[in-house]
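Going by my numbering, the letters in the sequence shown line up with residues 140 to 455, in that order.
Structure, as structure tokens:
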Amino acid sequence: MTTKLFTIATGNEVRQKALVKAPSIITWRVLRQGLLVFGGIGLWMLTMTPCSGIILNAGAAANNSIADVTPGFIETMTSTLYTDNSSSNPQQMTSCPWILPSLANAGFAGSNGWNFTFDGGAAAAKTLSDLSIGTYKALVKNDVGWTDPNGTNWVPRYTNSEAGGAFLQLNFNPTAGDPFVGKTVHWIQALQVTAPAIGQTNSVYLDNGGATTPYYDLVSAGGPTWFFDNPSRQEMEYEGNPVADWQGQVFLALDNGAGGGFTHNVTIYGGEWWGFQLTMNDIVPEPSGFSILALGAGTLLFFTRRQSRPSRAGAG
Numbered sequence: 140m141t142t143k144l145f146t147i148a149t150g151n152e153v154r155q156k157a158l159v160k161a162p163s164i165i166t167w168r169v170l171r172q173g174l175l176v177f178g179g180i181g182l183w184m185l186t187m188t189p190c191s192g193i194i195l196n197a198g199a200a201a202n203n204s205i206a207d208v209t210p211g212f213i214e215t216m217t218s219t220l221y222t223d224n225s226s227s228n229p230q231q232m233t234s235c236p237w238i239l240p241s242l243a244n245a246g247f248a249g250s251n252g253w254n255f256t257f258d259g260g261a262a263a264a265k266t267l268s269d270l271s272i273g274t275y276k277a278l279v280k281n282d283v284g285w286t287d288p289n290g291t292n293w294v295p296r297y298t299n300s301e302a303g304g305a306f307l308q309l310n311f312n313p314t315a316g317d318p319f320v321g322k323t324v325h326w327i328q329a330l331q332v333t334a335p336a337i338g339q340t341n342s343v344y345l346d347n348g349g350a351t352t353p354y355y356d357l358v359s360a361g362g363p364t365w366f367f368d369n370p371s372r373q374e375m376e377y378e379g380n381p382v383a384d385w386q387g388q389v390f391l392a393l394d395n396g397a398g399g400g401f402t403h404n405v406t407i408y409g410g411e412w413w414g415f416q417l418t419m420n421d422i423v424p425e426p427s428g429f430s431i432l433a434l435g436a437g438t439l440l441f442f443t444r445r446q447s448r449p450s451r452a453g454a455g
């Protein structure tokens, strides 16, 4: 959610690195993960996928690097998108299991006057045909903002930073036969996130910022014809991989009003499953040929000078 920020207070941390000889490039993450694997220990499990069809798409990734906080090291960063298995777009869905538990956990349950049902049929398929991808891309190091149709500027979250994420902008144009024609359009988004640096492990929750409404568009970047989100996570000197695994399921929702003993009867139609996985590695750059030559010349000069000095043995 665009308005959501995370702040973590950490104590002193000893950052461990693996010093290596050229030309090999070895990272502390690789060494540590190798030890864990051989020891039969899993650092943390990758996020389980609740629906079929979504993949981590290596062809839809962003890569960059930045000088690490530890002098002499370079941080390489990769954000890889979750997409369907035949394109670089999110996976379209008519139902999935994160939404209803997230709504209930956030207090939007029958006991509070809320009733949610998935359409799952022709009407949901129609909404998907009217839903299109404006922009979907991975980002690292530098976030980008977006100006919505109302003129609101959603600013970048990070610049020149050990961070990464994704950018999703959807367009919705309901045409004849769409259940949203002439109705109020709402968006509901649920998340499943693993980000050890901030204590998230397969955390499933509603993306509404803790508001009294379940609708993303009433608290963040959404409108009748558009949806926008640019989630991200920072490394925060967490030395495992992945640094973060962030997945979202965003659906179109129609509030049909009161009835059947409920204040809100909400029908959930088509949606998109999307997200990113963020990985980082600390490397020691290979020394250039000139540097190696200079080192060799310096070593030779050192030994030559030592051998040319007169012996001090027997001096009185």
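Glycine residues also receive a C-beta, built at the ideal position from the N, C-alpha and C atoms.
Nothing here was measured: the structure is a model prediction, and the numbers come from that model.
Query: Would you mind working out which of G273, F212, G198 sits nearest N420, comparing C-alpha positions?; Result: F212
Query: Rounding to the nearest angstrom, what Cα-Cα distance links G178 and G379 in this structure?; Result: Legend: pLDDT at G178 = 35, less than 50; position of this residue unreliable, value from coordinates given subsequently. Their backbone Cα atoms lie some 16 Å apart in a straight line.
Query: What does the Cβ neighbour count give for N369, buried or exposed, with the cut at 16 atoms within 10 Å?; Result: buried
Query: Check whether the Cβ atoms of L393 and T406 sit closer than 9 Å, and answer yes or no.; Result: yes
Query: Grab the span of the beta strand (DSSP E) containing N420 for me, first residue to last.; Result: 403-422
Query: Within 10 Å of its beta-carbon, does K322 have 16 or more other beta-carbons around it, so buried, or fewer, so exposed?; Result: exposed
Query: Here's the rule: buried if 16 or more other CB atoms are within 10 angstroms of the residue's CB, otherwise exposed. What is G361?; Result: buried
Query: Could you tell me the alpha carbon to alpha carbon distance between W183 and P229, rounded to whole angstroms?; Result: Residue placement at W183 is poorly supported in this model, since its pLDDT is 31, which falls under 50; the coordinates are not used for a value here.
Query: Report the three-state DSSP secondary structure of S89 (helix, strand or coil).; Result: Since the first residue shown for the chain is 140 and the last is 455, residue 89 is missing from the structure and cannot be characterised.
Query: Using CA coordinates, which residue listed in T402, E214, G192 is at the minimum distance from N251?; Result: T402
Query: DSSP beta-bridge partners for I193?; Result: D223
Query: Classify P240 as buried or exposed, calling it buried when 16 or more other Cβ atoms lie within 10 Å of its own Cβ.; Result: exposed
Query: Considering only their Cβ atoms, is the gap separating G387 from Q328 smaller than 9 Å?; Result: yes
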